[in-house]
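Read through the structure below, which is laid out as structure tokens, and then see the notes.
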Amino acid sequence: MSADRSERLSATKAQFPLLARRVRDRPIVYLDSAASSQKPQCVLDAMNTYYETINANVHRGAYEIAAQATDAMESARSAVARFVNAPSDNEIVFTKNVTEAINLVARSWGGANLGPGDAVVITEMEHHANIVPWHIMAAEKGFELRWIPVDSDGGLDLSGLDRLLDGAKLLGVTAMSNVLGTLNPVRHLADAAHDAGALVLVDAAQYVPHLPTDVQALGADFLGFTGHKMCGPTGIGVLWARAELLEAMPPFLGGGEMILDVRKDGFLANHIPHKFEAGTPPIAEIVGLGAAVEYLNGLGMERVREHEVSLTAYALRTLQERYGSELDVHGPAEPACRGGVLSMSFRDIHPHDLSQVLDDRGVCVRAGHHCAKPLMRHLGVPATTRASLYVYNDTSDVDALADALGAAGDFFG
Amino acid sequence: MSADRSERLSATKAQFPLLARRVRDRPIVYLDSAASSQKPQCVLDAMNTYYETINANVHRGAYEIAAQATDAMESARSAVARFVNAPSDNEIVFTKNVTEAINLVARSWGGANLGPGDAVVITEMEHHANIVPWHIMAAEKGFELRWIPVDSDGGLDLSGLDRLLDGAKLLGVTAMSNVLGTLNPVRHLADAAHDAGALVLVDAAQYVPHLPTDVQALGADFLGFTGHKMCGPTGIGVLWARAELLEAMPPFLGGGEMILDVRKDGFLANHIPHKFEAGTPPIAEIVGLGAAVEYLNGLGMERVREHEVSLTAYALRTLQERYGSELDVHGPAEPACRGGVLSMSFRDIHPHDLSQVLDDRGVCVRAGHHCAKPLMRHLGVPATTRASLYVYNDTSDVDALADALGAAGDFFG
Amino acid sequence: MAGLEDLYREIILDHYRNPRNRGELEVPPAVQAVGFNPLCGDEVVVYIEVSDGVITDVSTGGQGCSISQSSASMMSTAVKGRKVSEARRLVQAFKQMMSIHGTGIGGRGDDLDDGPDSTNGHGDVKLGDLEALRGVVKFPVRIKCATLSWNTLVEALEETLA
Amino acid sequence: MAGLEDLYREIILDHYRNPRNRGELEVPPAVQAVGFNPLCGDEVVVYIEVSDGVITDVSTGGQGCSISQSSASMMSTAVKGRKVSEARRLVQAFKQMMSIHGTGIGGRGDDLDDGPDSTNGHGDVKLGDLEALRGVVKFPVRIKCATLSWNTLVEALEETLA
Ligand SMILES: Cc1ncc(COP(=O)(O)O)c(C=O)c1O
Ligand SMILES: Cc1ncc(COP(=O)(O)O)c(C=O)c1O
């Protein structure tokens, strides 16, 4: 990495207050961004400014700060729409996380469109967020849930795709695996699904934070993502969906904001996107997400991706050089085909024990099933140790990880 | 009001940064806390400290800051449980707002327990949040929705209660009306409902922020409230429910956190409360709500209530003295029987026009149906102008409101 | 910051106090459409009778603030007796005036989503008295009050085609 | 901050590497219970055979970290051949040791919710080798690893009553 690049990066790191923290007298080495990213100061500032100067409930207030709060929220909606190249702001529905976004689709669209004889196709590498809602609805509506298998390289095995899609009404796929880092061929899958008459739901929780995203180019019908993994606050997620789908779908949660009229004998739903935003929205969080999106725009998503590809390459090389066959990094070998998510099995040390030793040295990684138990069963491991990279990480973080793995190896001898 | 008291109060006001703001060269007069309250500095600080020092995803991380984040979240759960005297922390389910909390009950409990021939009883003064979810489920499940009428004093007309409860499975009631300020006889209703074999859901969105709350003394089975109205952040709500009910209810949203196991052919739900908290929770918001609860504990909820009763009395007296029969304040006349929510009709000036003139003088009130359209129809008005009081308001705010009403009267002459 | 006089022009208050074409028309021959402003609860009902491409009669009902009611009243006088095509041009022109700053609540495009014509200038359309409502754009929250009856008129015109 | 040696005592690593009573028992006569640690995916299966109020045989299966596996192994040796009532007292004593600081994830009472007995001291119960697990309480996240097999044992004991 050139001196120039790494200088710019240490400047990036400095924008994230938590990364200045020390753990047991060492600088923190945060390698768990796939679980949740850190937040730059500008995002915290945006939320504080909101609370300190214009906090008020939105959409129904005639007074000045209520109008400003509404404007701030709706400008954030525009910023988010542009960030994923949505054709219209009205297609951006704010939820509390991507899990709610997928449940919204399963319950509202699925509830109205799925029944016995129908099928929903998902992949074996889905996060529980894109599995359990379909289990729940399948039990209720009696449709079939089919699985695209994972191959031995950590990609999708598409050899049976046509058969799987036959009679399917929806294909759900993660754009990037939160365990393997695999970047799935979303466009190809979308074309195949559309040919078979199925809609496409993309779980982009691990994609939107890391790569330039264009919902139209991806060919998606529904696409969800989550604020806290993309420099934004907790408590905010996004469902993008094509307007005509949203318009045809029945409401999900009922309450204030989502109605035009309520009578004792029924109600009239509001226009999209408000139809799907019942109750007081997470206003400050929406403002925070807007600031996160502007922050990422400032860095440039192309550059974010470039940085992560080169850091992932460095990490794969370093780990291979130091630990060879003792350390297995699951998922695609080629950095250009994957994100910076490194799920490791190291000797026979259990991930929980491994991460404990890493924590002792201030290296934050995640050990567990990463909410992907079907994938774990496929991999034949109960859990993995996952280090994940983001824009604020640099080679020093990777080196610290490699050193800490050595220490763990010594400890468990 | 004694000098002593008002000194303590101006100290309270100073803890809320937004209230130092000026609008058009006048100090802001914030009288819209029933829509959303302002936030004290300590709540903002708690969230900033969370983000700057321990931000990490919860419940699944072995490393230090993840454990601290989990602790912070779970201590907030304890604080919230104690705040409403819940028998166990496990009975506190975090949602995004009270609207989601009520939808959770309607969909999960209602979906499993309601069908043709059953009835749900609600009141004519419910917020849309406690109406529309029942409309949605009634359409799906075929049960009957019955209404307790509002009497001419803004109380509930309970003369037909026995008949209404006959065959009912649930009674839903707002503990305090967000339009009339009416404090409903929740305990009495709960006893009657239980005698009739029905459960009781309390919408306490306007109650928990303003009065000491004891879910056990109220006799509730379900009780919901919302963070942003009680000095807490947006994006966080609470459902309290008796553990045995939560345990018997099917999951609501599916995804991470809410499972013990996921297989291709199904899943095993987690224990309560996690069963109902799918996906990454609003962690910072939970921490913020915990801080809000501690802040309110510091003030003392008894004192908060006392302050609001005396300020409401002052407001009713002042408005009556200055405007007599030109100004109609809906709801109970007796301050001890109501909260500090003053829904006004002033001459024939439309609320939207009235609030515009008030805004011109920095007085923030809400004009509209307040998400209570059935109640508006009962009152025979399309909308009201609502001023609502909270712990940081004082007599100067009431005086500013009274002055601004005079200016509006002049303007529309 | 705009003053209240920018909003509450005399002619507006006059239409509010003495609404023109207020009432109901028999349906059919008239058609009817109802519009809601979910922000404040305003409701506007628009009745129109169209024959041979001309709006022969208009009437409005409902309830709301001075801005929504006066705008409905002014709308009714402006389109009564006009050709449908002219009325549509007037709607465009009015809504364009109402979005000069493009900050309608609901985000970009929200008040200008009526198809290809929406980018037309309104140089050729005389707004007349309606110009009095121009001040509303300085109070973005009120824009929906002013446009409510116009959007409802569009819906009523659609009805005549149905 | 506690050091890693507080957690990974030699005896723990020994039970991890050489688990005792590992395997399955035939069901019936044995009963079986499965426990999950949703945090990390650990699974423990506990088989017990009870006759005349005595746990005549124990076996454990599943997979997990050194703490959960060694705890399961130590649990099996500690309860094998014991009376059910003694085993229950041991569970109480063990879980009390695991909650000295009362900070189990899941909040107050989470690991002490097994009824009226939970406040008993364990002065009269010998924990023996199990004392080696005492260091786990300094690592609150790991408490659930240590208690997993014990909670699963309780479930298996309930099964024998069913
Ligand atoms: C009585 C009552 N119930 C429910 C709500 C809905 O609260 P939220 O929008 O936070 O879900 C409100 C406030 O808007 C309310 O006043
Ligand atoms: C691929 C994927 N989908 C969904 C989720 C769920 O995100 P959230 O918990 O914010 O809803 C995650 C992260 O946890 C993820 O990695």
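Protein chains in written order, with my numbering: chain A, 1 to 413; chain B, 1 to 413; chain C, 1 to 162; chain D, 1 to 162.
All residues carry an ideal CB built from backbone N, CA and C; glycine is no exception.
Check, Outcome
"C-beta neighbour in chain B for Ser73(C), strict 8 Å", "no"
"Collapsed DSSP secondary structure at Val125(C) in the structure displayed", "coil"
"Short-range partners of chain D found in the stretch 247-269 of chain B, where Cβ spacing is below 7 Å", "Ile259, Leu260 and Asp261"
"Buried versus exposed call for Gly324(B) [16 or more other C-beta atoms within 10 Å across all chains shown]", "exposed"
"Whole-angstrom distance between Asp25(A) and Cys40(D), CA atom to CA atom", "27 Å"
"Inter-residue Cα distance where the pair is Asp397(A) and Val29(A)", "6 Å"
"Top-ranked residue by Cα proximity to Val58(A), from Ile54(B), Thr174(B) and Ser37(B)", "Ser37(B)"
"Whole-angstrom C-beta distance between Val43(B) and Pro233(B), which should lie under 8 Å", "7 Å"
"Asp353(A) to Gln15(A) span [Cα, whole Å]", "32 Å"
"Any heavy atom of ligand 1 nearer than 5 Å to the CB - residues listed", "Gly279(A), Thr280(A), Asn97(B), Val98(B), Thr99(B), His127(B), Ala129(B), Thr174(B), Asn178(B), Asp203(B), Ala205(B), Gln206(B) and Thr226(B)"
"Inside the stretch 225-288 of chain B only - alpha helix (DSSP H) runs reaching at least 4 residues", "243-248"
"Closer than 8 Å to chain A by CB, Ile283(B)", "yes"
"The stretch 135-144 of chain A touching the stretch 112-120 of chain A, judged by at least three CB pairs closer than 8 Å", "yes"
"Pro27(B) (DSSP reduced to helix, strand or coil)", "strand"
"Neighbourhood of Gly237(A) by C-beta distance below 8 Å, restricted to the same chain and skipping five residues each side", "Phe94, Thr95, Lys96, Asn97, Val98, Thr99, Glu100, Ala101, Gly224, Phe225, Thr226 and Gly227"
"Nearest-angstrom Cβ-Cβ length linking Gly339(A) and Met176(A), presumed shorter than 8 Å", "5 Å"
"beta-carbon His188(A) near ligand 2 non-hydrogen atom, thresh 7 Å", "no"
"Chain B contact residues for Ser66(C), given Cβ-Cβ distances below 7 Å", "His350 and Asp353"
"Ala34(A) beta carbon near ligand 2 (any heavy atom closer than 7 Å)", "yes"
"Below-8 Å beta-carbon distance, Phe94(D) vs any chain B residue", "no"
"Cβ-heavy atom distance, Cys371(A) to ligand 2, below 7 Å", "yes"
"Test item: CB-CB of Leu4(D) and Gln356(A) under 8 Å", "yes"
"Validate contact between the stretch 104-112 of chain B and the stretch 247-267 of chain B using beta carbons, cut 8 Å, 3 pairs", "yes"
"Cβ pair Arg361(A), Ala402(A) closer than 8 Å", "no"
"Cβ of Gly279(A) within 8 Å of any chain B Cβ", "yes"
"Chain A contact for Ser108(B) (CB, 8 Å cutoff)", "no"
"Sheet register partners of Asp32(B) (DSSP bridge)", "Ser388(B)"
"Proximal residues to Val215(A) (C-beta, below 7 Å), its chain only, five neighbours per side dropped", "Val84, Asn85, Ala86, Leu223 and Trp240"
"The stretch 66-86 of chain D contacting the stretch 381-389 of chain A, beta-carbon criterion three pairs below 8 Å", "no"
"Reduced DSSP secondary structure (H/G/I, E/B, other) of Val179(B)", "coil"
"Cα-Cα separation between Arg377(A) and Ala33(D), rounded to whole angstroms", "20 Å"
"Euclidean distance between Cα positions of Gly154(A) and Gln96(C)", "54 Å"
"Identity of the residue in Pro374(B), Gly406(B) and Asp399(B) nearest Pro149(B) by Cα", "Pro374(B)"
"Coarse secondary structure for Asp157(B), derived from DSSP in three states", "coil"
"N- and C-terminal bounds of the alpha helix (DSSP H) containing Asp348(B)", "Element bounds for Asp348(B): n/a, residue is neither H nor E."
"CB-CB length for Gly409(A) against His128(B), believed under 8 Å", "The Cβ separation is near 60 Å, so there is no contact."
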